[in-house]
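Working notes, structure below.
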Amino acid sequence: MIGKKRVPVFLVRGRAGLMLAMQAGLAAGLAWYVAHDLSGRPIPFFAPIAAVIALGSSVGQRLRRTAELVIGVAVGIGLGDGIILLIGNGPVQIGLIVLLAVLLATAVGGGAALIVQSASSAVLVATLTSSNGQPWTRFLDALVGGAVALVVMTVLLPLNPLTVVRRAADPALRAFTDGLHDAARGLAAADPDVLQAALERLRAAEGPFAAFQSAIEAAGENVAFAPARWRARGALAQYVEGAPQLTYSLRNVRVLLRRAHTALNDQEPVPALLPVSVRHLGDAVELLRQEWDRGVEPVAARERALRAVAESGHAYQEGVGYSGGVVVAQIRTAVADLLRATGVEYAEATRQVRAAIGWRGRPHGARRRTGR
Numbered sequence: 075m076i077g078k079k080r081v082p083v084f085l086v087r088g089r090a091g092l093m094l095a096m097q098a099g100l101a102a103g104l105a106w107y108v109a110h111d112l113s114g115r116p117i118p119f120f121a122p123i124a125a126v127i128a129l130g131s132s133v134g135q136r137l138r139r140t141a142e143l144v145i146g147v148a149v150g151i152g153l154g155d156g157i158i159l160l161i162g163n164g165p166v167q168i169g170l171i172v173l174l175a176v177l178l179a180t181a182v183g184g185g186a187a188l189i190v191q192s193a194s195s196a197v198l199v200a201t202l203t204s205s206n207g208q209p210w211t212r213f214l215d216a217l218v219g220g221a222v223a224l225v226v227m228t229v230l231l232p233l234n235p236l237t238v239v240r241r242a243a244d245p246a247l248r249a250f251t252d253g254l255h256d257a258a259r260g261l262a263a264a265d266p267d268v269l270q271a272a273l274e275r276l277r278a279a280e281g282p283f284a285a286f287q288s289a290i291e292a293a294g295e296n297v298a299f300a301p302a303r304w305r306a307r308g309a310l311a312q313y314v315e316g317a318p319q320l321t322y323s324l325r326n327v328r329v330l331l332r333r334a335h336t337a338l339n340d341q342e343p344v345p346a347l348l349p350v351s352v353r354h355l356g357d358a359v360e361l362l363r364q365e366w367d368r369g370v371e372p373v374a375a376r377e378r379a380l381r382a383v384a385e386s387g388h389a390y391q392e393g394v395g396y397s398g399g400v401v402v403a404q405i406r407t408a409v410a411d412l413l414r415a416t417g418v419e420y421a422e423a424t425r426q427v428r429a430a431i432g433w434r435g436r437p438h439g440a441r442r443r444t445g446r
C-alpha cells in the first residue's frame, strides 16, 4: 500500500513466534522446577525436553493430538529405560526399542504423532543417556514435562485462538479467491486450459480448508480450557459457523468449473456477463476474508455475492447452452452457501438469491420466458 512502511520479514516472523517462544521458555523452566525442586529428582533432563517437544509439535493442534505427543514421549522413554536395564544397550537393543515403541503406539490406536514421538524418544534414551539404575524415573520426568506443557498452553499462557484461526483461514480463502479469479479469466478468454488449471487449484484447496477446519476445532478447545481466551468466543463464532458453508461453496464452485469447461469444449455461447459473475464471486470470498480478519459484519461480502447472482441472471437471459445453464445454477447455489457463511439463515439466503436474480415472489422452479 502506498505510504505504508514495510516491516522487515525477520521482524514479522519473530513477532509470530514470540508467543511460542514464551510458552516454551515458561514450560521448560516450570517442568525443571516441578521435577527437580518439588519432586527431588537430581537431573530431570527429560522433563523440560518433553515440555518443549509437546509445545513445539502441537501449535494450532487439538488437545487430543497434544496429549498423544506427551504420551508418545513418555512411552518411548519408559520403553527405552526398561529394555536398557534388562539387556543393556547397543544396535540390537536400539532396533528392539524402536520396534516395540511403534508396535505399542499402533496397538493403542495412536496417530502418526504418537508413533513418531514414541520411537524418537526411545532412540534418544538408548543413544544419548546411560541408565542410572532407577527404572521409570525418566518416564515420570517426561510425564511431568508433558503435563506442564498442557497447563502452559491451555491455562497459563494460551495462544490467541483467533490468531491461529486467521492464519489458517488466510491461505484457504486466498486459494478460493484466486481459483475463482483464474476461472473468470479463462471463461472470458474462452480458454479451457486456464479453466482446467483453476479447477486443479481449487481441488488443491481442500488441503488448506482441512487445515482451516482443524484450526477451528483446536481453537474451540483452547477457548473452552483457557479462561484468558473466553473473550474470543464471539469473534471466533464467525469462523466456526462459516467454515462448513464455505466448504460447501467450494465444492459447488468445482462443479461450476467442470461444467464451464464442458461449455467451452462444446462451443456453447458464453455471455460476457458470465465471467463477470464468477469474478464477483471471487471478490466476495476475498471481501469475506478481509471482513472476518477485521472482526466486522461481512456486509460487503454479501453485497458482492448477490451482485454475482444478478450478473449470472443477466447472462442467462442473454442465452446460454445446457452446460451454461448448469454454471448459472451453480453460481446461485455457491452464493447461497457463501451467504450462509456470512451468518444469513438458510431461508433468508434463498430469498435474497431469488430476489437478486429477479425471481422475487415467483414459484420455485419457474423461469422467465421470453417471447420469440
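Position in the sequence shown (first residue = 1) + 74 = our numbering. Here a beta-carbon is modelled for each residue, glycine too, at the ideal position from N, C-alpha and C. Note that the structure is predicted; figures quoted are calculated from it, not measured.
Do L338 and E392 come within 8 Å of each other at the CB atom, strictly closer than that value? Locating residue 392 in the sequence shown gives position 318, counting from the first residue. Locating residue 338 in the sequence shown gives position 264, counting from the first residue. Against a cut-off of 8 Å, the Cβ pair of L338 and E392 comes out as no contact.
Once the 5 residues before and after L178 are set aside, which same chain residues still bring their CB inside 8 Å of it? Along the sequence shown, one-based indexing puts residue 178 at 104. Closer than 8 Å at Cβ, skipping near neighbours: V149, L153, S192.
Could you tell me whether the region 319-328 touches the region 249-256, using the rule of 3 or more Cβ pairs below 8 Å? Contact check between the region 319-328 and the region 249-256: three or more CB pairs, one atom from each, fall below 8 Å, which counts as touching.
Cut-off 6 Å between Cβ atoms - residues of its own chain near D215, not counting five sequence neighbours on either side: Position 141 of the sequence shown holds residue 215. Correct list, in chain order: A109, P118, F120, A121.
Comparing the C-beta of G146 with each C-beta of chain D, is any distance below 8 Å? No chain D is present in this structure, which holds just one protein chain.
Return the chain-ordered ranges of every alpha helix (DSSP H) run that is complete within the region 408-435 and spans a minimum of 4 residues. Runs of the alpha helix (DSSP H) inside the region 408-435: 420-431.
Thinking just about the alpha-carbon of each residue, which of A279, V370, V402, E274 is nearest to the one in A311? The sequence position of residue 311 within the sequence shown is 237, counting from 1. Of all alpha-carbon atoms in A279, V370, V402, E274, the one lying nearest the alpha-carbon of A311 is that of V370.
May I ask you to report which of helix, strand or coil DSSP gives A346? Working through the sequence shown from its first residue, we reach residue 346 at position 272. Note: A346 maps to coil in three-state DSSP.
Is it the case that the region 381-390 contacts the region 343-358, given that we only count it when at least three CB pairs across the two stretches are under 8 Å? These segments touch.
Can you give me the Cβ contacts of R240 inside the same chain, cut-off strictly under 7 Å, excluding the 5 residues immediately before and after it? Stepping through the sequence shown from its first residue, residue 240 is reached at position 166. So the list reads D367, once near-sequence residues are dropped.
Going by other Cβ atoms of all chains shown within 10 Å of its Cβ, with 16 needed for buried, is D62 buried or exposed? Residue 62 lies beyond the residue range present for the chain, which begins at 75 and ends at 446; the question has no answer from this structure.
Can you tell me which of A246, Q167, A423 puts its alpha carbon nearest to the alpha carbon of Q67? Residue 67 falls outside the range modelled here, since the chain spans only 75 to 446, and no answer is possible.
Are there 16 or more other CB atoms within 10 angstroms of the CB of E360, so buried, or fewer, so exposed? Locating residue 360 in the sequence shown gives position 286, counting from the first residue. So E360 ends up on the buried side.
So R381 is in the alpha helix (DSSP H); what residue range does that whole segment cover? Translated into the one-based positions of the sequence shown, residue 381 becomes position 307. For R381, the enclosing alpha helix (DSSP H) has its first and last residue at 373-392.
Give a yes or no on whether the C-beta atoms belonging to A334 and V238 are separated by under 8 Å. The residue you call residue 334 lines up with position 260 of the sequence shown. The residue you call residue 238 lines up with position 164 of the sequence shown. Between A334 and V238, the C-beta spacing is not below 8 Å.
Taking Cβ to Cβ, would you say R275 is nearer than 8 Å to D256? Position 201 of the sequence shown, counting from 1, holds the residue named residue 275. Position 182 of the sequence shown, counting from 1, holds the residue named residue 256. Taking 8 Å as the Cβ cut-off, R275 and D256 qualify as a contacting pair.
Output the residue ranges of the beta strand (DSSP E) runs that lie fully inside the region 208-243 and measure 3 residues or longer, sorted by chain position. If you keep only unbroken beta strand (DSSP E) runs of at least 3 residues inside the region 208-243, you get nothing at all.
Could you pull out every residue in the same chain whose Cβ sits closer than 6 Å to the Cβ of T416, ignoring the five residues on either side in sequence? Residue 416 sits at position 342 when you count from the first residue of the sequence shown. So the qualifying residues of the chain are P372, A375, R376.
Is it true that the CB of G398 sits closer than 8 Å to the CB of P343? By 1-based counting over the sequence shown, the position of residue 343 is 269. By 1-based counting over the sequence shown, the position of residue 398 is 324. Yes, the Cβ-Cβ distance between P343 and G398 is below 8 Å.
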